[in-house]
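J.:
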Amino acid sequence: MIVRPQLSFTVTILIAFTLVFASVLGLAVLGFRSAGERAAVATADVNLAQVATTVSGRTNALVLPVLALIREVADTGIAADTTGNVQAGARLLAMLAAGPEVRTVSVAWPDGSLLQAAPVSVAPAAAMPAPPNEAAYVLCFSRPDAPVKTWTFFAADRTPISSAMFGRPGDPRRTQWYLQARKPGVYISTPYTLGLSQRVGLSVSSRQAGGGVLSLDITLASLSAFLRAQRITPHTLAFLFSDLGILLAYPDDTRAVGEAGGGRVSWTTLQASDDPVLGAVWNAYASGQLGPGRGKLLSVDGTAMLARLESVESLENPPVLVAVVAPRSDFTAAVDASVRSGTLLALGAFLLGFAAIAFMSWRIARPLGVLTREAQSIRRFELAAPLVLRSRITEVERLAEAIAAMKATLSSFAIYLPRDLVRQFLAAGAEPQLGGERIALSVMFTDIQGFTTIAENLDPMELTHIASAYFEAVTRELLAAGATIDKYIGDSVMAFWNAPRRNPDHAAHACAGALRARAVTQHLTEAFATRGWPELWTRFGVHTGEAVVGNVGSSDRMAYTAMGGMVNLASRLEGLNKLYGTQILVSEATRAAAGPGFVFRPVDIVVVKGATSPMPVHELLGVTDAAAAPDLRARDAAIASLKTWEACVAAYREGRFDAARAALAEVQAAGMFPLAEIYAARLAELGSQAEPGWSPSVPWGVK
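Numbering-wise, numbering that gives the first Met the number 0 puts 306 at position 307 of the sequence shown, and it's gapless, one number per residue.
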């Protein structure tokens, strides 16, 4: 079975509005975000290209003077002399003054002689003799076969001040800057610890005319400071690397080199770096996805990064590249903020629209809900309340008028129909058809004692009012007990339980219905007395058994009723009340099926007319529940004498008449009732014991 979800009109409209608005809003936001991101990325690529070009140009501007200087001097050459290298030293000091970015100038000759010049502030104190206070520059000369280095200090105007001997010389021909310049051209080294300054940096070196190598040193600290200044966003990163993947310069100069032991440093490759940005750039460059003059979107640990490369044209041995990298979010943050603001505004508009749609839907759905409830009440055959509904929607107004007219029409004909039976058919989902079924029923008949005489002495209109009030009250109580009203026959009511709606406790509910109807007739008696109306003493008969229940009649006129011998038996039980002086008589089948919640008094064993099997008959006194209403409970006196009465009846049925008379005497002492008087009359005509063949059952209708 497929269960289809049911939605109200308001919910349906709101869901449709939400889906449409959310779809449009989502597409608009996504479109705006996509367009904004494309524009932001395009702008970012342009900005990165500008930064990369700027860094490349500034690097060229930083290096070109050094390259021009070294080429100029290398072409002429600096020759060693035997007079303390005065001329060579003057040229080195002049190179320092011409290139402030140069930290050390070195020249080494083929015999291993080395002359170096540097600002005094660059050379560490432990590596040279104590300089004079006014010293600004220092020259250091050494030979591999000399026992000590010669240090000469100069003032700011490059005039000599003093000299000293300090430190053991080394062989410059084994240094990186000397070895890399064995061929013609200008070369740049990988980062290493510079000899004189003992700082990490790069050496630009070249062979010079006349033999030997000329070298200019640039520290990583100066390059790092230069790169840190190249920012267009808070997270922009610019660095230099060779086409072999060696990191040459980084904003943090400690990242470009590492400890190699013995006071030496090791250079860093992009691929081996612990910085994922460097690795991503190198992988893109090595695979050909990223090259000079091109940009690329990289994913670094889940973060989108924009990268751009440019070549440093002045450095070719080896080729040097500038990389500029920045998170894409640095460029799209404004777009994201605009999207968030736009989304919030759209959500605000959505909420306002949702409220407006909800209000309009409610205005439409409210009258539809009223009409739905009216249709459901008509289906339940509840036609009393008139339909009052006004709507500005033409279709709703016409529908309301049509339902109101239909309800009024049905109300006019409802007085001719068993309204409660129709309700039960609708509740049970049964479709009226000719035919019946055999099921167990509990059937009740009621009758008003002496109604014919009462009717003859009353005005017909007054009799109509009395009968209407009586039937209204009794019917209400029977329906409350779950009864189906079969018909009204004069002053009698026929009702049954367990059809059309199944009721497994139909016998108990029939007994409860009889007690409720008896109680309401007692209240009616009091109310009628105040108006001068006669007392309507009502008798009840209830029997439980199998009967055929269903629709009887023709295709255009049916009656839902129960038929069978057990129905006649229920009617005769009602009539027996007149003989025994009782008010509610039930059969043994009803008593057994009703359960322990009721108090019954045994009455007699009767033989049904046309049958040979005797049937015990009982009087229903009330319920056993002490918390029930007083008019539903059995009287205390009846309960007190019940065991004695049962002993009397049992002795009578066994033919022990003396024992029955003794028990009856105890009952009479507690209080007489009509049934006890009947048994007293019977026992008065009998002896002490029953004669052979005697039967306690009596023919139908005989006391």
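Beta carbons: idealized from backbone N, C-alpha and C, even for Gly.
If you draw a straight line from the alpha carbon of Val473 to that of Gly449, how long is it in whole angstroms?
T.: Here residue 473 refers to the residue found at position 474 of the sequence shown. Here residue 449 refers to the residue found at position 450 of the sequence shown. Between Val473 and Gly449, the C-alpha separation is close to 18 Å.
J.: Tell me the DSSP bridge mates of Asn550?
T.: Your numbering for residue 550 matches position 551 in the sequence shown. Asn550 pairs with Leu433, Tyr559.
J.: Specify the secondary structure class of Met304 as computed by DSSP and reduced to three states.
T.: Within the sequence shown, the letter at position 305 stands for residue 304. Reduced to three states, the DSSP call for Met304 is strand.
J.: In terms of residue numbering, what span does the alpha helix (DSSP H) encompassing Lys642 cover?
T.: By one-based count along the sequence shown, residue 642 stands at place 643. Unbroken alpha helix (DSSP H) run through Lys642: 641-652.
J.: Under a three-way DSSP split, which group does Arg600 fall into?
T.: To locate residue 600, count along the sequence shown from 1; it is residue 601. Reduced to three states, the DSSP call for Arg600 is strand.
J.: When the distance is taken between beta carbons, is Gly111 closer than 8 Å to Arg142?
T.: Translated into positions along the sequence shown, residue 142 becomes position 143. Translated into positions along the sequence shown, residue 111 becomes position 112. Cβ distance < 8 Å, so Arg142 and Gly111 count as in contact.
J.: So which of Thr623, Ala332, Leu572 has the shortest CA-CA distance to Gly594?
T.: Numbered from its first residue, the sequence shown carries residue 594 at position 595. When only C-alpha atoms are compared, the closest one is Thr623.
J.: Is the beta carbon of Arg339 within less than 7 Å of some heavy atom of the ligand COA?
T.: This structure lacks the ligand COA; in fact it carries no ligand of any kind.
J.: State yes or no: is the C-beta of Phe539 within less than 8 Å of the C-beta of Ile583?
T.: Numbered from its first residue, the sequence shown carries residue 539 at position 540. Numbered from its first residue, the sequence shown carries residue 583 at position 584. In contact: Phe539 and Ile583 (Cβ atoms closer than 8 Å).
J.: Shortest alpha-carbon distance to Gly531 belongs to which of Leu297, Arg556, Ile465?
T.: Translated into positions along the sequence shown, residue 531 becomes position 532. It is Ile465.
J.: Going by DSSP in three states, Phe349 sits in which element: helix, strand or coil?
T.: Here residue 349 refers to the residue found at position 350 when the sequence shown is read from its first residue. Reduced to three states, the DSSP call for Phe349 is helix.
J.: DSSP has Ser586 in a bridge; who is on the other side?
T.: Position 587 of the sequence shown, counted from the first residue, corresponds to residue 586. In the DSSP output, where bridge partners are listed per residue, Ser586 has Val616.
J.: Considering Val566, what are the terminal residues of the alpha helix (DSSP H) in which it resides?
T.: Position 567 of the sequence shown, counted from the start, is the residue given in the question as residue 566. It spans 564-579 - the alpha helix (DSSP H) in which Val566 sits, taken as one unbroken run.
J.: Got a sec, what are the start and stop residues for the alpha helix (DSSP H) Met671 sits in?
T.: Locating residue 671 in the sequence shown gives position 672, where the first residue counts as 1. Met671 -> no alpha helix (DSSP H), and no H or E assigned at all.
J.: In three-state DSSP terms, what is Glu400?
T.: For the purposes of this step, residue 400 is taken as the residue at position 401 of the sequence shown. In this structure, Glu400 counts as helix in the three-state DSSP scheme.
J.: Would DSSP call Phe165 helix, strand or coil?
T.: Translated into positions along the sequence shown, residue 165 becomes position 166. If DSSP states are grouped into helix, strand and coil, Phe165 belongs with coil.
J.: Tell me, please, whether the segment 534-549 touches the segment 561-570 by the rule of three or more beta-carbon pairs shorter than 8 Å.
T.: The segment 534-549 is in contact with the segment 561-570.
J.: In chain order, what residues of the same chain lie with their CB nearer than 7 Å to the CB of Ala180, ignoring the 5 residues before and after it?
T.: Along the sequence shown, one-based indexing puts residue 180 at 181. Once the five neighbours on either side are set aside, the close Cβ partners of Ala180 are Tyr186, Ser204, Ser205, Arg206, Val212.
J.: Rounding to the nearest angstrom, what Cα-Cα distance links Val104 and Thr174 in this structure?
T.: Looking up residue 104 in the sequence shown gives position 105. Looking up residue 174 in the sequence shown gives position 175. Roughly 14 Å separates the two Cα atoms.
J.: Going by DSSP in three states, Gly88 sits in which element: helix, strand or coil?
T.: As a position in the sequence shown, residue 88 is number 89, starting the count at 1. In this structure, Gly88 counts as helix in the three-state DSSP scheme.
J.: Identify every residue that forms a DSSP beta bridge with Lys486.
T.: For this step, residue 486 is matched to residue 487 along the sequence shown. Note: Lys486 sits in a beta bridge opposite Met493.
J.: Contact defined as beta carbons within less than 8 Å: I believe Val101 pairs with Asp242. What is the distance between those atoms, to the nearest angstrom?
T.: Position 102 of the sequence shown, counted from the first residue, corresponds to residue 101. Position 243 of the sequence shown, counted from the first residue, corresponds to residue 242. At roughly 25 Å, the Cβ-Cβ gap does not stay under 8 Å, so Val101 and Asp242 are not in contact.
J.: If we count Cβ pairs, one from each stretch, closer than 8 Å, do we get three or more for the segment 265-276 versus the segment 354-371?
T.: The segment 265-276 is not in contact with the segment 354-371.
J.: Give me, in chain order, the residues of the same chain whose beta-carbon lies closer than 6 Å to that of Arg660; leave out the 5 immediate sequence neighbours on both sides.
T.: As a position in the sequence shown, residue 660 is number 661, starting the count at 1. Around Arg660: Leu682.
J.: Apart from the five residues on each side of it in sequence, which residues of its chain come closer than 7 Å, Cβ to Cβ, to Val648?
T.: Position 649 of the sequence shown, counted from the first residue, corresponds to residue 648. Closer than 7 Å at the Cβ level, and outside the excluded window around Val648, lie Pro601.
J.: Write down every uninterrupted run of the alpha helix (DSSP H) in the segment 115-190 whose length is 4 residues or greater and which is fully enclosed by it, in chain order.
T.: If we require 4 residues or more, the alpha helix (DSSP H) runs fully inside the segment 115-190 come out as 175-178.
J.: I believe Leu95 touches Pro118 by the beta-carbon criterion, under 8 Å. Please report the beta-carbon distance rounded to the nearest angstrom.
T.: The residue given as residue 95 occupies position 96 in the sequence shown. The residue given as residue 118 occupies position 119 in the sequence shown. Indeed they touch by this definition, with Cβ atoms about 7 Å apart.
J.: Give a yes or no on whether the C-beta atoms belonging to Phe153 and Met127 are separated by under 8 Å.
T.: Reading the sequence shown from its first residue, position 154 is the one you call residue 153. Reading the sequence shown from its first residue, position 128 is the one you call residue 127. No, the Cβ-Cβ distance between Phe153 and Met127 is not below 8 Å.
J.: Can you check whether the CB of Tyr579 is closer than 8 Å to the CB of Pro673?
T.: Within the sequence shown, numbered from 1, the residue matching residue 673 stands at position 674. Within the sequence shown, numbered from 1, the residue matching residue 579 stands at position 580. Going by C-beta atoms, Pro673 is nearer than 8 Å to Tyr579.
J.: By the three-class DSSP mapping on this structure, what secondary structure does Pro691 have?
T.: Along the sequence shown, one-based indexing puts residue 691 at 692. Of the three classes helix, strand and coil, the one that applies to Pro691 here is coil, per DSSP.
J.: Have a look at Asp485 and Leu388 and give me their C-alpha separation to the nearest angstrom.
T.: Position 486 of the sequence shown, counting from 1, holds the residue named residue 485. Position 389 of the sequence shown, counting from 1, holds the residue named residue 388. Using only the alpha carbons, I get a separation of about 36 Å.
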